[in-house]
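Numbering (our numbering), first residue to last: 1 to 119.
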């Protein structure tokens, strides 16, 4: 009877060992597939990150270049504004100068007065 139970238990043990061995092989295969999937995801993530890092640097350079251009235009506009202000002051000075010049009538009167006194 013990021998029969021993044979039965050995058979169960062998069956359980084979079952666990198959389950282990299946789990190892699933683990390998999962690890491969994770590796692909990591590589894709790395490539995507590098791609966007490069694009970000390009955008930063564009912004920097645009900012420099805007600053240049601001300086140019300020220079032109200053020049226009100087020109406006010159125009106003010339207008005052011209306004102070005698008119033709004033010149004729003065000429007559001077001519009358000389005679």
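By construction, the Cβ of each residue, glycine as well, lies at the ideal position given by its N, Cα and C atoms.
Look at residue 110 and residue 102 and say whether their C-beta atoms are less than 9 Å apart. yes
Continuous alpha helix (DSSP H) stretch holding residue 127: start and end: The chain is shown from 1 up to 119; residue 127 falls before or after that span and cannot be answered.
Would DSSP call residue 110 helix, strand or coil? helix
Do you know offhand how far residue 44's Cα is from residue 30's? Answer to the nearest angstrom: the Cα atoms are 21 Å apart.
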